[in-house]
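**Student:** In terms of UniProt numbering, the sequence shown is numbered consecutively and its last residue is 389.
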Amino acid sequence: MFHQFFRKTPLAWLQMSRQKARLLAAIAGIAFADFLMFFQLGVRDALYDSQVRPYTTLQGDLFLVNKLSDNLASIKSFSRANLYQAAGINGVESVSLLYIGQAAWRNPDNQASRQIFVYGIEPNQPAFNLPDVNQQLDQLKLLNHALFDRAGTLDQIGDVPALLEEENPLSVQANDLQIQIVGLFTLGSSFSAIGSLITSDSTFLRLFPERQVDDIDLGIIKVNSDANIEQVRSDLREILPDDLLILTIDEFAARELAYWNTGSAIGPTFNLGVAIGFLVGAVIVYQILYTDVSDHLPEYATLKAMGYSDAYLIGVLTQEALLLAALGFVPGFLLSSGLYNLFQSATLLPIGMKLSRAITVLALTMIMCVGAGAIALRKLQQADPADIF
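(1) Can you find the residues in the same chain that come closer than 6 angstroms, C-beta to C-beta, to Ile288, ignoring five residues on each side of it along the sequence?
(2) Please return the same chain residues whose Cβ sits closer than 7 angstroms to the Cβ of Leu83, not counting the five positions on each side in sequence.
(3) On the DSSP bridge assignment, give the partners of Lys222 in chain order.
(4) Hey, quick one: how far does the beta strand (DSSP E) through Asn66 stretch, first residue to last?
(5) In whole angstroms, give me the CA-to-CA distance for Gln231 and Ala86.
(6) Who pairs with Phe148 in a beta bridge, going by DSSP?
(7) To which residues of the same chain is Leu240 closer than 8 angstroms at the C-beta, ignoring the five residues directly before and after it?
(8) Put Asp242 into one of helix, strand or coil per three-state DSSP.
(9) Using only the alpha-carbon positions, how far apart do Phe343 and Leu349 sit?
(10) What's the call for Thr262, buried or exposed, on a 16-neighbour Cβ count within 10 Å?
(11) Using C-beta distances below 8 angstroms, list every residue in its chain close to Arg114, excluding the 5 sequence neighbours before and after it, in chain order.
(12) Evaluate Ile359 with the Cβ neighbour count: other Cβ atoms within 10 Å of its Cβ, from every protein chain shown; 16 or more gives buried, anything less gives exposed.
(13) Does the beta-carbon of Asn66 have 16 or more other beta-carbons within 10 angstroms, so that it is buried, or is it exposed?
(14) With a cut-off of 8 angstroms on the beta carbons, I'd call Gly42 and Ile351 a contact; round off their distance for me.
(15) Just curious, the alpha helix (DSSP H) that Gln136 is in, first and last residue?
(16) Measuring only the C-alpha atoms, how far is Phe191 from Tyr55?
(17) For Phe148 and Thr291, I'd like the C-alpha separation in whole angstroms.
(18) Does the region 33–40 come into contact with the region 328–343, if we say contact requires no fewer than three beta-carbon pairs (one atom in each stretch) closer than 8 angstroms?
(19) How would you write the range of the beta strand (DSSP E) that Gln115 sits in, first residue to last?
(20) Measure the Cβ-Cβ separation of Leu58 and Ile314 and say whether it is below 8 angstroms.
(21) Val330: which of Val370, Asp34, Ala21 and Arg22 sits nearest, CA to CA?
(22) Closer than 8 angstroms by C-beta to Asp235: which residues in its own chain qualify, once you throw out the five before and the five after it? Chain order, please.
(23) Indicate the three-state DSSP secondary structure (helix, strand or coil) for Arg80 in the structure shown.
(24) With distances taken Cα to Cα, identify the nearest neighbour of Val361 among Ser77, Leu177, Asn271 and Ser50.
(25) For Asp292, name the three-state secondary structure that DSSP assigns.
(26) Which one or two residues does DSSP pair with Asp215 in a beta bridge?
(27) State the beta-bridge partners of Leu58 as determined by DSSP.
(28) Given this structure, state the Cα-to-Cα distance separating Leu142 from Phe278, to the nearest angstrom.
(29) Taking all protein chains shown into account, do 16 or more other C-beta atoms lie within 10 angstroms of the C-beta of Glu357, making it buried, or fewer, making it exposed?
(30) Decide yes or no for the touch test of the region 319–330 against the region 364–376: beta carbon pairs closer than 8 angstroms, at least 3 of them.
(31) Using the beta-carbon count (16 or more within 10 Å), is Gln135 buried or exposed?
(32) Using only alpha-carbon positions, find the residue among Asn228, Val283, Ser345 and Leu355 that is nearest to Gly373.
(33) Run the CB neighbour count on Gln212, radius 10 Å, all protein chains shown included, and call it buried at 16 or more, exposed below.
(34) Can you look up Ala104 in the DSSP assignment and give me helix, strand or coil?
(35) Please confirm if the region 121–135 is in contact with the region 173–180, defined as three or more CB-CB distances below 8 angstroms between the two stretches.
(36) Quick check on the DSSP output: the alpha helix (DSSP H) that includes Leu154 runs from which residue to which?
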């Protein structure tokens, strides 16, 4: 079937390549449309990945979170006593807690104020599966000590890693409290956090004096290796209040993604950008194919007079559309990959090229080109053999 379809490719290619300027314009237009789609999808996925990244570093199997919490930036507290209840369930190996807040950070370079995330942990019960953090837990046991995220947006919050090489500990200010940066870890910036600190629970409560010690933001449960997670979760549901969710890490991350995808304007905005890129490419391809058909209308009429069917001519036009899709996709892919590298270097957001995204854009490009070709077929149907006599 495919051999029969593509055996006519030389005719489609010869028609397209006859006017090289028009072909190059078509390739440039499709590449630009692909570039738009790649950019929108890349930034959207970077948003999602950066928001989910803190979840992937948590050290636990099940997580207790207030039902009203839909993302880390607006997480709601619940009673610490509920976490201690969970510790008594059969199959639970250990529990740990996490305080989460946003503090006014004073840039040590220029004293500008920026909002950063602060995570408060119990140093004896580490919440993160980050070697850089867990190797420095003893440092956090001292009051007003904190670890700084070296992968934050340093041009906005200050080049703390460089300053720390000159002065350790480094005295900085957050929420009008003088604290000491004693080490570094790597987490990365996101759309809702340009930087992060990790402190002990005691230091966290000094940074946020309005917070109550018994109101925690996240309960982390580690299950015994021989225990059934679903059974443990079922047992927890029987003793915990209905306003608490008991989530696996995948469910927890999916809840964050759902918020950014549908609960905020950001997801739909990027999706609209993809749609605009798709429409731009469709218009360009339609114009190219329509002009091509118009220029060769007498030739098409001659082929029909010689006995070639409409299906043959439709096949030729479809091949032109697919060839344009392939030729335009390659430069669009290469340009986007280069942009991703530049964007990642500038923002530290995870925006590398993904195979799934490349396949998605290629499929959209093929649909775009074939769809535009289908619209241009209306002109091809006017190729009447009588026109040549």
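Backbone N, C-alpha and C fix where the C-beta goes; we use that ideal spot for every residue, glycine too. If you're wondering where the values come from, they're calculated on a predicted model, not measured in any experiment.
**Tutor:** In short:
(1) Cβ within range, chain order: Ala26.
(2) Taken in chain order, the residues that qualify are Leu64, Val95, Leu97, Ile216 and Gly219.
(3) Residue pairing by DSSP places Lys222 opposite Ser94 in a beta bridge.
(4) Its beta strand (DSSP E) spans residues Leu62 to Asn66.
(5) Using only the alpha carbons, I get a separation of about 13 angstroms.
(6) The partner list for Phe148 (beta bridge, DSSP) reads Leu184 and Leu197.
(7) A distance below 8 angstroms between beta-carbons, with the five flanking residues on each side excluded, links Leu240 to the following residues of its chain, in chain order: Leu64, Asn82, Gln85, Ala86 and Ile246.
(8) Here Asp242 sits in coil by DSSP.
(9) Looking at the two C-alpha atoms, the distance is approximately 8 angstroms.
(10) The residue is exposed, with fewer than 16 neighbouring Cβ atoms inside 10 Å.
(11) For Arg114, where only same-chain residues beyond five positions count, the Cβ hits under 8 angstroms are Ala104, Trp105, Asn107, Gln156, Ile157, Ile194 and Gly195.
(12) The residue is exposed, with fewer than 16 neighbouring Cβ atoms inside 10 Å.
(13) Under this definition Asn66 is a buried residue.
(14) Their Cβ separation, rounded to whole angstroms, is 5 angstroms, which keeps Gly42 and Ile351 in contact under 8 angstroms.
(15) That residue, Gln136, is in no alpha helix (DSSP H); it is neither H nor E in DSSP.
(16) Roughly 15 angstroms separates the two Cα atoms.
(17) So the alpha carbons of these two residues sit roughly 60 angstroms apart.
(18) The region 33–40, when compared against the region 328–343, does touch it at the 8 angstroms Cβ threshold.
(19) Per DSSP, Gln115 belongs to the beta strand (DSSP E) from Ser113 to Ile121.
(20) Cβ atoms of Leu58 and Ile314: not closer than 8 angstroms.
(21) Restricting attention to Val370, Asp34, Ala21 and Arg22, the CA atom closest to the CA of Val330 is found in Asp34.
(22) Ile89, Asn90 and Gly91.
(23) If DSSP states are grouped into helix, strand and coil, Arg80 belongs with the helices.
(24) Closest by alpha carbon: Asn271.
(25) Residue state, collapsed to three classes: helix.
(26) In the DSSP assignment, Asp215 is bridged to Ser79.
(27) Phe128.
(28) Straight-line Cα distance between these residues: approximately 56 angstroms.
(29) One point to set straight first is that residue 357 is Arg, not Glu, in the sequence displayed. Arg357 should be labelled buried.
(30) The region 319–330 is in contact with the region 364–376.
(31) Exposed: under 16 other Cβ atoms inside 10 Å.
(32) Of Asn228, Val283, Ser345 and Leu355, the residue nearest in Cα terms is Val283.
(33) Exposed is the call here.
(34) In the structure shown, Ala104 adopts extended strand secondary structure according to DSSP, grouped into three states.
(35) Between the region 121–135 and the region 173–180, the count of Cβ pairs shorter than 8 angstroms is below three; the stretches do not touch.
(36) Unbroken alpha helix (DSSP H) run through Leu154: Leu154 to Ile157.
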